[in-house]
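Each residue of the sequence shown is one higher than the last, beginning at 1083 in my numbering.
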Amino acid sequence: MQKLEKVLSEAYSKAKVAALRSRQKCKKYYDRKVRECKLLPGDRVLVRNVGLKGKHKLGYIWKEIP
């Protein structure tokens, strides 16, 4: 039983390290390609309409705020 606990503990720690490396790698690639969007007062943007009720599978879920 202790052998199983030891094996599972090692597997958990290896998986944790691998997940951390993967997360860092994905962040590095994302940060390399992302461009900052600078919004200024008066810019027109689309805002998601979260007040919709029911199914809107084909409906327009964005509303314009002038």
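Note that the Cβ used here is the ideal one computed from N, Cα and C, for glycine as well.
Keep in mind that this is a model prediction, so the values were computed, not measured.
Just to confirm, are residue i and residue j a CB contact at a threshold of 9 Å?
{"i": "V1129", "j": "L1121", "result": "no"}
From residue i to residue j, what does the alpha carbon distance come to, in whole angstroms?
{"i": "E1092", "j": "M1083", "result": "14 Å"}
{"i": "C1119", "j": "E1087", "result": "49 Å"}
{"i": "L1102", "j": "K1085", "result": "26 Å"}
{"i": "C1108", "j": "V1089", "result": "28 Å"}
{"i": "S1104", "j": "S1095", "result": "14 Å"}
{"i": "K1115", "j": "Q1106", "result": "15 Å"}
{"i": "A1100", "j": "D1125", "result": "42 Å"}
{"i": "K1137", "j": "P1123", "result": "33 Å"}
Considering only residues of the same chain and omitting the five flanking positions on each side of residue i, which have a CB-CB separation below 8 Å?
{"i": "R1117", "result": "none"}
Between which two residues does the alpha helix (DSSP H) carrying residue i extend?
{"i": "V1129", "result": "Where V1129 is concerned, there is no enclosing alpha helix (DSSP H), although the beta strand (DSSP E) it sits in stretches over 1127-1130."}
{"i": "V1089", "result": "1084-1115"}
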